[in-house]
Every structure is written in structure tokens, then in C-alpha cells.
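Notes follow the structure.
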Amino acid sequence: MNAEQEIRRIQWQVGIVCWRHNAEKIEILSILKISPLARIFRARMGGRDVVVKQFTSLKHRRRKVPSTLHAVRNLRSRLSEQKFSANNYILGSRLFGIVVVEFVEGDGLEVCLKKGWDGAFRQRLIRLSAEWTNKAAGSSVTSKPFSREAVSGRIDFYQTVKPDPPYAHDLQRMVQILYSKADELDGVQLLSARGHNDFAPRNLIISSDGILVGIDVHLDRYRFVSDRAANFLVSKDLGRAIGRRPTAFGLDVSEMNYYLRHSNVPPDELNSSFVFFVGLFQMRMLCRRLAGGRGVKSQHMRVRSYLDSVDRGEAVTLEAIPA
């Protein structure tokens, strides 16, 4: 199906959704993204720009349409501060797997960070990102036990690729290290909180009025805060050249420490669960790069950096970084 046919198809379906909800007419303008999981369109509804997202699988249609409404409402209620928000839910249809949310005019955080800006502005973006998760957690912060069994499927993600040496050797080492750390963490109580389930720079936008807005919000579930921090930091450095700045565990040391100083990750979890989840994401990103064939070399260097940090017995320490 070509782009014109896709737009005609979704225009017909979203027309039915608007009619059933007695809502203003939506005009599909263009395709923003097509992936195996969803199709995303830019559209116009009345006098405002909106995003129309359609989930591909029946499973996601049934689950993510109602969960999106629930997640957005909860997050927006907790992000009741002028500088933080989440893009608003407008309407949805489980039948067609469609959700319509507001279009946020502004600059994507991922793009801003990749422009290479250094200094105070870059630090401000990183600090605001950490504070967004703190605010999104609200009063939901609690302790939950780590389960080796629960993370084993995420570790075994490496089995989805058949890499050649030296990638195969390093992936095997990562798996051994991760299972060893998972054994140590099994049953340990870790800080957990609600929030964006895929908290990464690609899902944050600095709006035209200076608000940091979370987008692509579909779940508001509990997740270990060290897990969410690792997700953000590994995603932030993805694709950046390694070696120009001090690196530990595959991450930019200064920016990692600056983020952690402003996050709600407990100090006693930095060298246990946080280091574990960083390794988990570094390994998964290498597997995805190997499967896609792009960015393999740079991500392999980050995995090598992680292995080197483990071999040298390095620790995450925040003392030298100003608050």
C-alpha cells in the first residue's frame, strides 16, 4: 500500500471514529512514521494540529487504546507544574486501534542533544529530564523486589541475533555478567515508581512555550527508577562518538552523574541495579544494531566500555559533580 492509499484508508476509519464520538472532523495531512507496531499520521482537527496513531496488531489495539487514556490522564494530573506535561489524549477507538492526541509544537529533546550543544544549556536539558521523571512519579514511589526470573527474558534478547566474532564473544560476556548481577539482586527491594514506560529523549519535546512534554505515552506502570534512568541515559548517548569525553559503563561520565544527581535513583542502588540495567540496555542496543545493520561499531564500543569498567572494578560515584 502506497502513501496515498494509506492516507485514504486511515481518513475513512478516523471519519467513522469522529462520527461515533460526535467529534470535530479530522483531516489527515501526512504520514509521520510507519513501523511494524503502528502507523502515525499528522492531522488537523478543527483549528488545531493533532497526531493520529493506529496500532497494527489486534492485541495492541485492545490493550493500548484504553491504557493510553488512563496513562495520559494520570501523568498529566501528576505533572501539574508549569514546566512539565504530557501530550493530551483527545479520543480513541479500540475497534480501529486508533488514538488521537495533541500535536506538540517544539523541538525534540533527542534532536537538541544530537546538535552537540554543550555547557549550561545541555546540562539544563539533562536536569529537566531527570526532574520530569521525579515529578511524574508523584506519590507512587514505593519499594518492590527485584526478580531474576522477571528479567531473564530481557537478558535472553541476545538470542535474537547470530553475530560474528568479536561481537559474539562480547555478547556472551555481557550475558554472563548480567546473569551474575541478576543473581545478586534477586529478592532485593528496589525503589519503584509510576511514569512513562519508555522514558527516552525521543519521547520528550521542548514545546514552543518552554515546557518539557512527554509524548508517545501509552502506559503508566510501575518500573524500577534505576531501570528508567538507565533507559534514558543509554538512549541519550546512542550513536554519539565514544572517546572524546570520559566514559564509564559506556556512558558519558559527567552527564550520567549530572542526571543521577537530580534523579530519584537512590545512592545505594547506583552500583547494583543501575549498573545492571545500564548493561542490559547496552547489550540490547547492540543486538538491535546488529539486526538492523547500522551503528554497530559505535554501539560495540559502548559495550566494550561497559566490559572494561566491570573488569577494572569501576564504581558510579557522584561526589565530584556539583548539584
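Numbering (this note's numbering), first residue to last: 9 to 331.
Each residue gets a CB set at the ideal place from its N, CA and C atoms; glycine is no exception.
What you are looking at is a predicted structure, and each value in this text was computed from that prediction instead of being measured.
How is residue i classed by DSSP in three states: helix, strand or coil?
i      : result
Gly23  : helix
Pro330 : Any reading at Pro330 needs caution, since the residue's pLDDT is 46, under 50, leaving its predicted position unreliable; the model's value is listed next. Correct three-state label for Pro330: coil.
Met9   : coil
Tyr267 : helix
Tyr97  : strand
Glu35  : strand
Leu220 : strand
Asp172 : coil
Glu118 : helix
Leu241 : helix
Phe284 : helix
Phe49  : strand
Glu277 : helix
Note down, in chain order, each residue of its chain lying with its Cβ closer than 6 Å to the Cβ of residue i, except the 5 sequence neighbours on either side.
i      : result
Gln19  : Ile36
Ser271 : Ala138 and Ala237
Ser148 : Ala201 and Arg202
Gly146 : Arg86
Got a sec? Which residues, its chain only, sit under 7 Å from residue i by beta carbon, not counting five neighbours each side?
i      : result
Ser200 : Thr150, Ser151, Lys152, Tyr230, Arg231, Phe232 and Val233
Pro174 : none
Leu354 : Not covered by the structure: residue 354. The range shown for the chain is 9 to 331.
Asp235 : Phe285
With a 10 Å radius around its C-beta and 16 neighbouring C-beta atoms as the bar for buried, classify residue i as buried or exposed.
i      : result
Leu326 : exposed
Ala331 : The pLDDT assigned to Ala331 is 45, lower than 50, so where the model puts this residue is not dependable; a value taken from the coordinates is nonetheless given after this. Its Cβ having fewer than 16 others within 10 Å, Ala331 is exposed.
Arg202 : buried
Asn95  : buried
Asn30  : exposed
Leu186 : buried
Val337 : The requested residue 337 does not occur in the structure, where the chain is confined to residues 9 to 331.
Asp191 : exposed
Phe129 : exposed
Lys61  : buried
Ile98  : buried
Leu45  : exposed
Ala158 : exposed
With distance defined between alpha-carbon atoms, name the residue in the options nearest to residue i.
i      : options                           : result
Met291 : Phe92, Val22, Ser317 and Arg162   : Arg162
Val189 : Phe284, His204, Gly127 and Lys41  : Per the sequence presented here, residue 189 reads as Lys, with Val not at that position. Closest option to Lys189, Cα to Cα, is Phe284.
Phe289 : Ile223, Asp164, Leu268 and Gly301 : Asp164
Glu139 : Ala158, Ser155 and Glu89          : Glu89
Leu66  : Arg56, Val221 and Arg102          : Arg102
Ser280 : Arg248, Val318 and Ala208         : Val318
Gly287 : Asp57, Gln131, Thr64 and Gln184   : Gln184
Pro254 : Val304, Val324 and Pro274         : Val324
Arg210 : Asp115, Arg320 and Trp27          : Asp115
Ala144 : Phe282, Val221 and Val159         : Val221
Ala79  : Val225, Arg248, Pro274 and Gly321 : Val225
What residues in its chain sit with their C-beta under 8 Å from that of residue i, if we drop five residues either side in the sequence?
i      : result
Arg135 : Tyr266, Tyr267 and His270
Ile329 : Low confidence applies here, because Ile329 scores a pLDDT of 46, under 50, leaving its location unreliable and the question unanswered by this model.
Arg47  : Glu14, Ile18, Ile39, Lys41, Lys61, Gln62 and Thr64
Taking 7 Å as the threshold (beta carbon to beta carbon), is residue i in contact with chain B?
i     : result
Ile34 : Protein chain content of the structure displayed is limited to a single chain, and chain B is not contained in it.
### Three CB pairs or more closer than 8 Å across the stretch 105 to 124 and the stretch 161 to 179
no
### Message
Quick check: the stretch 209 to 224 against the stretch 256 to 266, are at least 3 beta-carbon pairs closer than 8 Å?
### Response
no
### Task
Report yes or no: do three or more beta-carbon pairs, one from the stretch 80 to 87 and one from the stretch 54 to 71, lie closer than 8 Å?
no
### Inter-stretch contact (C-beta, 8 Å, three-pair minimum) for the stretch 165 to 174 and the stretch 289 to 306
yes
### Message
When you compare the stretch 306 to 315 with the stretch 191 to 209, are there three or more beta-carbon pairs, one atom per stretch, that lie closer than 8 Å?
### Response
no
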